[in-house]
Each structure stands twice: as C-alpha cells, then as structure tokens.
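First up is the structure itself, then whatever we jot down about it.
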Amino acid sequence: MEENRSRAYYIPANVFDGPSAFGIAARNWVEAVVLAVIPGGLFWHFANFSDLSIKIILMMILTIPPAAFALIGYNGESLTQFVKTYLNFRKNRLVLEYTIEDDEEAVQRRSPFFELENQISDLQEQIHNTKDKGQLKELKTQLKERKKELRSNQAELKKAEAEDAAQVKKEQEAKRKKETEHADSLAEKEIQRRREEGEKLSKKQIKAIYTEYREKYVLEMPSAPNGDDGIQRNISVQEYLPIDRIEDRCIVTKGGRFIRILAVAPINFPMLSAEQQNFTVDQFALLIRSCPVNIQIKTMAKSADVEGFIEKMQERIHNETDEKCITMMKDYINTLRSNATQNAVSRQFFLVLEYDESQSTRNTTDKDRKRILENAVTRAKQQLKRCNNMVYEFENEQDEVDFIYNIFFSQLERFNAYGMNYYDKVEYAYAQAAAYPNRGVQAVDFLSPINIDLTSSQYVVIDGVYYGYMYIPSSGYRSNVWGSWLFNAINAGGGIDVDIFFSRRERDKVRSAARRQINLSAAQMHDKNTNTDSFDALRSKAQSAQYIKDGLANGEDFFYITTIITVIAMDEETLFSRMAQITAMFEDMDMRCIPANYHQEDAFLGTLPLCKVPDSIFALGHRNMLTSGAAALYPFASYELMDDNGILFGTNVTNGSLVMPDLFDTAKYKSANMYILGSTGAGKTYNLGTQALRTRESGKQVFVIAPIKGHEFQRSCEAIGGQYIRMGPGSPHCINIMEIRKRDEEAVLLNRLLDGIDFEESILAEKISSLETLFEIMAPDITNEEEQLLNGHIVETYRKFGITDDNDSLYDPLNPGEYRQMPTLKDLFLQMENDSQMNRIRNIMSKYVTGSAKNFSEQTNVSLDNPYIVIDLTPLSKNKKMLPIGMYIALNFIWDKIKEDRTKNKRLFIDEIWNLMGKGAPPVAAQFVLEIFKTIRAFGGGAVACTQELEDFFALDGGAYGKAILNACTLGMIMKVEPVALKLIQENLDLEQREIDIIQGLERGQALIVGSGNSVAVKIVASKMEHDLLTTSAADLTSIFTEKLQEKKVPEKEALTPGEQLSAVRRERPQRIPVGHKKVKL
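Residue numbering for the sequence shown follows the numbering used here, beginning at 1 and increasing consecutively.
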C-alpha cells in the first residue's frame, strides 16, 4: 500500500550547532545579557531617583530593547557577528573591470598586499582540505602569523596614508583661506555695518553672509580632497574569479580543486505515479551516496531567448532564395514573438562534482585526480539514467569544453547587456590579448563579464544586470516534506536560479556526536518542568539526535544541505519586487527564504558551478539531513520543454511557456522520431502541418506522405514554395519507380570519407532490391521461381538501356555528367512478354502499364529536389491494393533522398500510417516502414507517424509493427481520442493514470507530449496565415473564401439607383457598388 502513494520524508532540526535555549543560540543570550547588564548597571549607579519603582521602570525601558534586539540578531547573525560582517563588507567592497594586461601592469595595479593575501587564501584552502591533525595545527599557526603580518602592514600603510591625507588637507585649507581672504574681509565689514545699525544677527545669518560674499567674489570654491570611499578598484575580473584553467573536461580552480560538470535533462516529476516518484527518490538517494563528498546541483532559468531564435531565423532568411518561403519565415517570426510571454522559460540543470582532496597522498598526481573524478562521473550518469534523467553527451572533448564555457557565460551574462554572445566574447578576448603576445589568452578571459560591482550590501551588479542572492536559513526548512519539495522554487520563473550544496560527513563522527547530544539533552531535561518551552526545545533536539542515530544505524548517510536562490532583474526596483515574491512563495510553502544582505559577494562566488559553498552562507543556512530527506529534494524536475534550436509545437497548458523541442539534438534525444495519435477532429493533421512548415523554415528538408485527404496539405505546400505531387490513376504527376536518380557527388564523397570506404557498391543492385520489394507488395504470393525470373528480366531491362553493375555505366556519354534515360515499368513489361512463366506477374502489372494506372509507367515529370515535398496518395485511398504500392513508391523515392547526405537533417511525415500497417496491409510494406523508423537516425533524419485508426495500427501481426514504431520514437503527442482508442494507448504505452486523466480532458488542438521522462500538456498554436493554410473547418474555409472575395478587386460597373440598392439589400444580394469607390446617398 505504501508504494501506491507518495512517501513523506522527515528532516530533523539541526543538532550540532552548539548550545541554545528556546531555539536561540547561546551567543545571542550572552550578548543580550551584556547589553542589559552594562547599561542597566550604569543607570542604576548614576541615576538619582527617590522613587524606586520609577527607577526600575526606566531601567527596564533602557535595557529591554537592546537586549531583545541582541536576542533576535540581524539577518540570522548575532550582533557581534553582524558587526564583523559589516566591517568586512565595508573593507572589501570591489568594483572589477575586464582587463587583459601583461604581468608588469598587473603587479602595478594589484593590492600592495597581493602576495600576502594569496598566501592566506592558499593556507585557508589547505586547512579546509586537510584531515591530518598535526599538519592542520601547523597550517593554522602559519595562517595566524600571515594574518598578523597582514594586519601590521595594513596598519602601517593606513597610518602613512592618513599622514599624507592630513598634510594635503592642511595645504588645501591654507590655499582655501588665502583665496577667500578678500571675500571674508568684505563679509566682516557687512556684518559690522548691520550690527551698528542695531540689527541682531544669529550664527546662521552670519554664516549666510560669508557664503554669499564667497560665492560672489571667489571664482571657484576650493574644497578639501574627498577621503577614500573604501572601494577597491585595482583588481581585474580575471584575477578575481577563482578559475585557473579548463583541461581534460575538468575545471581547475586557482586553489587547485578539480571540478566536473554534467548537464542533466529534467523530467516532469509531478506527472509520475506515486510508485515512480518513490522509485526516483530512492535512485537519487543512491546517487548522492555514491558521489564525492561535496556536490552541487545548479538550476538556471532564463526567459526564453526568442530573440536568439529570431536572429537565427533572420540569418536563414538572408540565405533563402524562395520568396514564398521567406514570407512564411517572417510570419513564423511574428508567431514566436506573439507567443513569447513572460512565462516562456528555458531551464538548464547541472550536477557539479568535486574531487575529494582528502583522498590524496603525496604521490597523487593531477592525472590520478582526473581519473578518479571520471569514475565518479560514470557512476553519476548510471544513477541518473535510473532516475530517468538523461545526461548530455558530447561527441568530442572540445564540444564539452565549449559547453562549460557557455555555462559560465550564460550565468554571468544572463541578459547579454553588451550584445555579445559567447563566440563574440571569444573574439573580443583574442582582440584584447593581441596587445600582449607574451601573456596569451587564458580560460578566464572567455567567461569573465566586462564589469562586476560588489559595492552594494543587497545585490551584485554584473554588466548592468542586478543579481540578488537569498538563502534558506537553517530554521527555514520544513520538517515533513514530499518528493521534489523544491519543485515550485526551481520552476518559479525566468531569472530565478537555485543552487543546492550537499556535504556528506563521516558517519562515525556524526554517530558519536549524536550519542553525546542524546545524553546531554537527557541530563538537561532531568530536572526540568515538562510544561515549559525549554523542556520542549530540549526534547525536540533529543528526538532529532535519536532520529539521526537510528538512521545511521540503518545505513543512511549524514548530509549538510545549503540552498542559495539567485534572483536576476534589469533594475533595482524589479529586483526587490521579485525577491519579495520569492519570500512570499516560500511562506506559502511553509518555509523561509531571506536575502543574504552583506553576504552578496560570498553568495555570488558560491553560485558559480565550482562546488564551493561559502562559509558565511553555510553558517547561516545549513540544515542536517539523512539520505532520505536529502534525496527527497530531487531537483532535476521541470515541466518545461524548450531547446535552443527547437521548433514551436505550442504553449504549455500549465504555465503558458513555449514548447520548442529540438529532436535533432542527439545529446538529449535518442532519435528525432515521434508519433501523433488522435481521433477524427482532434487536430492531428493541423498539428502535423504546423510542424512540417516550421521544420522547413528552420532549414531542414521536409517530406510529407498523405495517404488520404492529401489536399489538406496543398495550400500550405504551395504557400511555402514546395512541390505538391498527386499520385494516382490519371494524375498528371509521375514518379518513375525504376529511375535511378543522380546522387549528389559531394554527399557521396562525404559518406565514403566518413565511413573510410575506398570502394563503391553497385547502385543497380540496390535499385533491383527495392524493385523486388515493390513486386512483393504487388503480388504478395509471388513464388521463389517467379522472383528469380523477375530479377533476371530487371537486369536485362536495364542492360538494354546501357546500365550494368558498373556505376560508371549510369552516365550518358552524349550528355557528360548526366545519367542515361531510365527504363519504366512498361519496358520491364515488354521484356517479360515472351516469357510464359511470367504471365501471372505481367497480368498483375498490366494495370500499371496499359490499364487505368498506366501513368505509373511514365518518366518522372516532377521536381524531386525541392526542400518541401508533399506526396498526395488520396486517389489510391479507395483501392486497398493500390495504396500500399503508391506509398511504397513514394517512400522509396524519399528514402533515397534521405540516405543521400547524412550531414543534413531532414524529416519525414507519414499521415495516416495505419494504411501501411493496418489490417490487410502487406507485411513487406510494414517492414519497410519499420526499417525507416529504426535506421533514419543514422542518416541525419527523423520520421513522424500520424494515425487515427489505432485499432488498425495495432492490427497487423498482433500489433508487433505498431508497437515497434512507437518504441522507435523519442517523443509522442497524444491528442483527444475515443475511449476505446484510449484503452489501446494505455495498454501499449504504459501510461500512468494521471496522464490518462489529462488525455481525457484534452480539447481540440491540445495534446499531451510523452517520452524522454517528460509529460507536458501543450496547446497547438498557429499564426493566422498558418491557420488559413491548414484549417479544414467548413466555417473557417467559408470565412477565408469571403475574405478573398472582398480582397479581390471587382471592376466598377454601372451604379445602382438608391431604390435598386435598397431592394438588393433587402433580398440579401451582394452590393455591386465597390466600397470606397463611389458613394450613393440614400
């Protein structure tokens, strides 16, 4: 029964944070007592009141407010901690600029204590990573000495600077006095005159007189020099960022830590069944247990970069030659803009792993560190796969390195304020570095922003964009949670990033500490009154410690979890508004999230994907959890489906975001195949049509096969400049099935180079094989003897046209570079004329040679090189024997084109595919279609199967072919279906009940996208132009017809008289006076 519902998980209160009372840290209590006793004692000693009660009341008024303030603290810190934080903030404010310079210039611009500060930073890093107590003690001693030396040097420098400033001020005051001497003397005379007249002047009036005369007689008022504002401007962005280099897929920090980043595809966790949710959390628990000690999970949400899509589309428009297609592409741009609402969000998920330096010995090399980290990456990928999360794979190391650079660039240049993309930044870095050939270009040059302003206590400004950092305080977590309990925060909207840090601690040490805490709490509760808040607090702490102890005994691990929320906006007002919304959202979740005021710099560095939680944020926001509670976080969850180079499917029904998958992204999807299922009137053809048009507009070749109602694609085909081919008896369009089409020689050469093949296979042999398949469809009962004889006749037919197994024989000697004229079915028919054993086959062929379908035996008369081709088989739809033949001829042609060039993406749409795979369809045709779906990926293509007759789709061979095609698809779109069909879908696709419920509630034009761990309800959207081209609604078609009539210019004829016009209106006849041409007063 437990697996039939989502499990609840428990998060214990922090147990090892030191002594506290009533949930308030002991440090706050001490400070409160000090602030109460010292002022109170002084007041009691020096205040002289005869009435003791008044004295006590006044003393309480004086001491209680500061004591209460000390108890509460500020922003999660005690008063002394906050004072220290504030002083550090004032001391370390920075304004950083992007600077490339040689070593000498860098030394001149650096802090005078640069080397000493670097030594301190290195020692702190070593202390953090060292477990040896002896070595730790020695490092702490060295750190103490270096800090003491730094303070001494800073004090000396400050004293020298103060003396210099005092001298400058003294000289400036002397100069000021000299320049104002004449004006001051005149002012004194004026003051004396007014006093002699009996006027009484106040100090304010006297000062005003001096100011008036100085402004009147002094050309420029000299002023004392401004003091130091405390802002450091002598560090470049490149020096500041803690990244040293990127090598062998690893990020190496300036502290010598080794980092790997995995890009993870999310799943729609809420759409999973309770059993699947529990299973996913369990698998994620295994992941965090098998990963290194410290891991970081980062989610980045940015508003959909529709302008990026549009920029690419405009580049394609520039290269497009077909004016009709250009018109459609411009319409697609308008569609993108009109549907890109504020909810259009693109999310990225990353798992950041750090090599555990505590495992190192003196003999450990960098190569060993990378190897160990690579093993950890392999284990993480395996566990993520079990969670149904796919990890992006890269073809080579350079692609992954570029991706890593892009991660940092996307984080630090979120809104692209300077109009540079990543590749522009690379060029900029090389251009800047050209002046310093000895320095060269470094990794940090490519990912550093132009400037970073760290002078505010409430946000960080990067390239003019405001980044506000918040965190969940230690007491801000819920105690009882469900799976993926941060889902709402992770999916809060564009410009909201979430960073979660997992730090696993040693079980033995935690077990000992838990045991001590249990004993201590028991001793403290022994003499306590059970009805007090103090007793409840001690009991809660003891229960948490016992829970941790029991969990460790059951094999769980102990983690500290820290969560940082990043809010990004273009201005300060918007930033504060969004931060307030985040605070309210967490309150609705029964949690707390507060700004990291005065810790913004630490939080900024912590959110870099370098697996380093800042100490200050950790102290304020860590929460202890066991494996189960930490795993319940499961952050790789989103209901977004938007890829960088995707095409618009529609908008997310849940939140209105754009749904734009890119099925050709091989790093994310196993293939570009998909299926569309739905009943009549659900909008399948409309959906298929929009995808076909947008695929063509995205620069990919499109083929559409329509077994029935192919005319529905004719308007859109002509509008985009495509080739519309109507196959059937008597049709003017012909495709010669026996034609060997000339291949693109560059593509042939490219394929040979890719495969490393130095020989050519016979093109004729391949063509004969496809013809034999055609005859198996024509005559399903063809015998082996007939098949052998047929093969010989086909070879002889081609020989008569000069074509043999030698591929060079295909070329026409009279037309160099062109193929010979090809035979037709009629030529083959005549070749078999004298062979009595082939009479049965000839009789079957006669329909296509001399009968009603004799146009099947003519030469090809349509263009087969158009990038958008629709083949309409509607005339064959009523003949169940001819339809599979027509579909095979169409597919055979298309398959040749698809295989021609593997480097180009192309997409095949097969509408009403059940005609090829339904009851009574030839198995050989179904097998051919299945082979296309299985192998099209290898040729850079993707196939889309669309059907409404689900019973027929699963009828052939017990549904084996239908199921195999669905399994070969990465994504599926299920539209509104009838109850009987829904049952078939549930049986064959293993859908969850909540998915079935969504399908039942779908309206016309809506679909549920399933596959790749995602289930997203989408509303199909189209522009008015697309709608007019694809709609099949009678009312819409009538409206379109009426609009076209109104747009059509009618020649002006003799105008009606007012009476005739009135009669025409009464009879509801069209008015013959052109609007706007001639008016008649009634």
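We put the CB at the ideal spot given by N, CA and C, even for glycine.
Practice problem: Identify whether Met660 lies in helix, strand or coil by the three-state DSSP scheme. | Solution: As a working note, residue 660 is residue 660 in the sequence shown. Residue state, collapsed to three classes: strand.
Quiz item: Does the Cβ of Ala431 have 16 or more other Cβ atoms within 10 Å, making it buried, or fewer, making it exposed?
Solution: Within the sequence shown, numbered from 1, the residue matching residue 431 stands at position 431. A residue is called buried once 16 or more other Cβ atoms fall within 10 Å of its Cβ, and Ala431, having fewer, is exposed.
Exercise. Can you say whether Val1021 is buried or exposed, counting buried as having 16 or more other CB atoms within 10 angstroms of its CB?
Key: As a working mapping, residue 1021 is identified with position 1021 in the sequence shown. Val1021 sits buried, since 16 or more C-beta atoms from the chains shown fall within 10 Å of its C-beta.
Quiz item: In this structure, does DSSP put Met674 in helix, strand or coil?
Solution: Start at 1 with the first residue of the sequence shown, and residue 674 comes out as number 674. Residue state, collapsed to three classes: strand.
Quiz item: What is the rounded straight-line gap between the Cα of Ser503 and the Cα of Gly551?
Solution: On the sequence shown, position 503 is the one that residue 503 refers to. On the sequence shown, position 551 is the one that residue 551 refers to. Looking at the two C-alpha atoms, the distance is approximately 17 Å.
Exercise. Give the secondary structure of Asp997 by DSSP, where H, G and I count as helix, E and B as strand, and everything else as coil.
Key: For this step, residue 997 is matched to residue 997 along the sequence shown. Of the three classes helix, strand and coil, the one that applies to Asp997 here is helix, per DSSP.
Quiz prompt | Close beta carbons around Met335, own chain, < 8 Å, minus the five adjacent residues each side | solution = Here residue 335 corresponds to residue number 335 of the sequence shown, with the count starting at 1. Before going further, note that residue 335 is Thr rather than Met in the sequence given. Excluding positions up to five away in sequence, the list reads Leu648, Val1021, Ala1022, Ser1023, Glu1026.
Quiz prompt | Own chain partners of Asp662 with C-beta closer than 6 Å, once the 5 adjacent residues on each side are dropped | solution = Taking the first residue of the sequence shown as 1, we reach residue 662 at position 662. For Asp662, where only same-chain residues beyond five positions count, the Cβ hits under 6 Å are Asp643, Asn645, Gly646.
Quiz item: Do Leu262 and Ala376 come within 8 Å of each other at the CB atom, strictly closer than that value?
Solution: As a working mapping, residue 376 is identified with position 376 in the sequence shown. As a working mapping, residue 262 is identified with position 262 in the sequence shown. Not a contact, by the Cβ cut-off of 8 Å.
Quiz item: Is there contact here, the stretch 286-296 with the stretch 1030-1044, by at least three beta-carbon pairs under 8 Å?
Solution: Not touching, per the Cβ criterion.
Quiz item: Which of the three DSSP states, helix, strand or coil, is assigned to Val1050?
Solution: Counted from its first residue, the sequence shown places residue 1050 at position 1050. Confidence at Val1050 is low in this model, with a pLDDT of 49, below 50, so its placement is unreliable and the value that follows should be read with caution. Coil.
Quiz prompt | Beta-carbon proximity check, Ile472 vs Gly606, cutoff 8 Å | solution = On the sequence shown, residue 472 is found 472 positions in, with the first residue counted as 1. On the sequence shown, residue 606 is found 606 positions in, with the first residue counted as 1. At least 8 Å separates the beta-carbon of Ile472 from that of Gly606.
Quiz prompt | CA nearest to the CA of Ile565, picked from Asp865, Gln581, Asp990, Asp571 | solution = Stepping through the sequence shown from its first residue, residue 565 is reached at position 565. Among Asp865, Gln581, Asp990, Asp571, the Cα nearest to that of Ile565 belongs to Gln581.
Quiz item: With a cut-off of 8 Å, do at least 3 Cβ pairs link the stretch 693-706 to the stretch 980-989?
Solution: The answer is no - the stretch 980-989 does not touch the stretch 693-706, with fewer than three Cβ pairs under 8 Å.
Practice problem: Give me the Cα-Cα distance between Ala203 and Ala166, rounded to the nearest whole angstrom. | Solution: On the sequence shown, position 203 is the one that residue 203 refers to. On the sequence shown, position 166 is the one that residue 166 refers to. This sequence places Lys at residue 203; Ala is not what is there. Distance between the alpha carbons of Lys203 and Ala166: 28 Å.
Exercise. Enumerate in chain order the residues of its own chain whose CB-to-CB distance from Ser762 is below 6 Å, with the five nearest sequence positions on each side excluded.
Key: For the purposes of this step, residue 762 is identified with residue 762 of the sequence shown, where counting begins at 1. Same-chain partners within the cutoff: Asp805.
Quiz prompt | Touching by the beta-carbon criterion (3+ pairs, under 8 Å), the stretch 797-814 and the stretch 774-782 | solution = Two segments are said to touch when three or more pairs of C-beta atoms, one from each, lie closer than 8 Å; by this definition the stretch 797-814 does not touch the stretch 774-782.
Quiz prompt | Bridge-paired residues (DSSP) for Met1102 | solution = One cannot answer for residue 1102 here, as it falls past the ends of the chain, which runs 1 to 1082.
Exercise. If I'm right that Tyr213 touches Ala183 with Cβ under 8 Å, what's the distance once you round it to whole angstroms?
Key: Position 213 of the sequence shown holds residue 213. Position 183 of the sequence shown holds residue 183. Sure, about 4 Å apart at Cβ, within 8 Å.
Quiz item: Does the beta-carbon of Glu1054 have 16 or more other beta-carbons within 10 angstroms, so that it is buried, or is it exposed?
Solution: By one-based count along the sequence shown, residue 1054 stands at place 1054. The predicted position of Glu1054 is uncertain, since its pLDDT is 48 and thus under 50; no value can be drawn from it.
Quiz item: Is the CB-CB distance between Ile72 and Tyr477 below 8 Å?
Solution: Here the question's residue 72 lines up with position 72 in the sequence shown. Here the question's residue 477 lines up with position 477 in the sequence shown. Contact annotation: Ile72 and Tyr477 have beta-carbon atoms that are not nearer than 8 Å.
Quiz item: Taking C-alpha atoms, which residue in Gln723, Met778, Gly483, Val862 lies nearest to Leu272?
Solution: For the purposes of this step, residue 272 is taken as residue 272 along the sequence shown, with counting starting at 1. Each of Gln723, Met778, Gly483, Val862 was checked against the Cα of Leu272, and the nearest Cα belongs to Gly483.
Practice problem: Please report the Cβ distance between Ile120 and Leu610, rounded to the nearest whole angstrom; I am assuming they are in contact, meaning their Cβ atoms lie under 8 Å. | Solution: On the sequence shown, residue 120 is found 120 positions in, with the first residue counted as 1. On the sequence shown, residue 610 is found 610 positions in, with the first residue counted as 1. Not a contact, Cβ separation roughly 19 Å.
Quiz item: When DSSP labels each residue in this structure, what does Phe350 get in the three-state scheme?
Solution: Indexing the sequence shown from 1 puts residue 350 at position 350. DSSP places Phe350 in strand when its eight states are reduced to three.
Quiz item: For Ala435, which of Val862, Ala340, Thr99, Ile869 has the nearest alpha-carbon?
Solution: Residue numbering aside, residue 435 sits at position 435 when the sequence shown is read from its first letter. Out of Val862, Ala340, Thr99, Ile869, Thr99 has the C-alpha closest to the C-alpha of Ala435.
Quiz item: Beta carbon of Ile568, beta carbon of Tyr469: below 8 Å?
Solution: Here residue 568 corresponds to residue number 568 of the sequence shown, with the count starting at 1. Here residue 469 corresponds to residue number 469 of the sequence shown, with the count starting at 1. No, Cβ-Cβ distance for Ile568 and Tyr469 is not below 8 Å.
Quiz item: DSSP three-state call for Glu785: helix, strand or coil?
Solution: Working through the sequence shown from its first residue, we reach residue 785 at position 785. For Glu785, the secondary structure class from DSSP, reduced to helix, strand or coil, is helix.
Quiz item: For Asn389, which of helix, strand or coil comes out of DSSP?
Solution: By 1-based counting over the sequence shown, the position of residue 389 is 389. Residue state, collapsed to three classes: coil.
Quiz prompt | Gln458 to Tyr560 span [Cα, whole Å] | solution = Here the question's residue 458 lines up with position 458 in the sequence shown. Here the question's residue 560 lines up with position 560 in the sequence shown. Answer to the nearest angstrom: the Cα atoms are 26 Å apart.
Quiz item: Considering only residues of the stretch 688-745, which uninterrupted alpha helix (DSSP H) runs meet the minimum length of 4 residues and lie entirely inside it, listed in chain order?
Solution: For the stretch 688-745, whole alpha helix (DSSP H) runs of length 4 or above, ordered along the chain, are 714-719.
Self-check item: Three-way DSSP call (helix, strand, coil) for Ala522 in this model
Solution: Reading the sequence shown from its first residue, position 522 is the one you call residue 522. Secondary structure at Ala522: helix, using DSSP grouped into helix, strand and coil.
Self-check item: Residues bridged to Lys312 [DSSP beta-bridge criterion]
Solution: For this step, residue 312 is matched to residue 312 along the sequence shown. Looking at the DSSP output, Lys312 shares a beta bridge with no other residue.
Quiz item: What distance in whole Å lies between the Cβ atoms of Val281 and Ala1166, which are believed to be in contact at a cut-off of 8 Å?
Solution: This structure does not reach residue 1166, given that the chain is present from 1 up to 1082, and the question cannot be answered.
Quiz item: With burial defined as no fewer than 16 other Cβ atoms inside 10 Å of the residue's Cβ, what is the status of Pro225: buried or exposed?
Solution: The count along the sequence shown starts at 1 and reaches residue 225 at position 225. At Pro225, the pLDDT of 42 sits below 50, so the modelled position is not reliable; the number obtained from the coordinates is stated separately. Exposure of Pro225 is indicated by the presence of fewer than 16 other C-beta atoms within 10 angstroms of its C-beta.
Exercise. Consider the C-beta atom of Cys291 and the heavy atoms of the ligand MN; say whether any pair is separated by less than 7 Å.
Key: In the structure on display, the ligand MN does not appear, and there are no ligands present to speak of.
Exercise. Identify the continuous alpha helix (DSSP H) that holds Thr80 and give its terminal residues.
Key: The count along the sequence shown starts at 1 and reaches residue 80 at position 80. In the DSSP annotation of this structure, the continuous segment of the alpha helix (DSSP H) that includes Thr80 starts and ends at 79-91.
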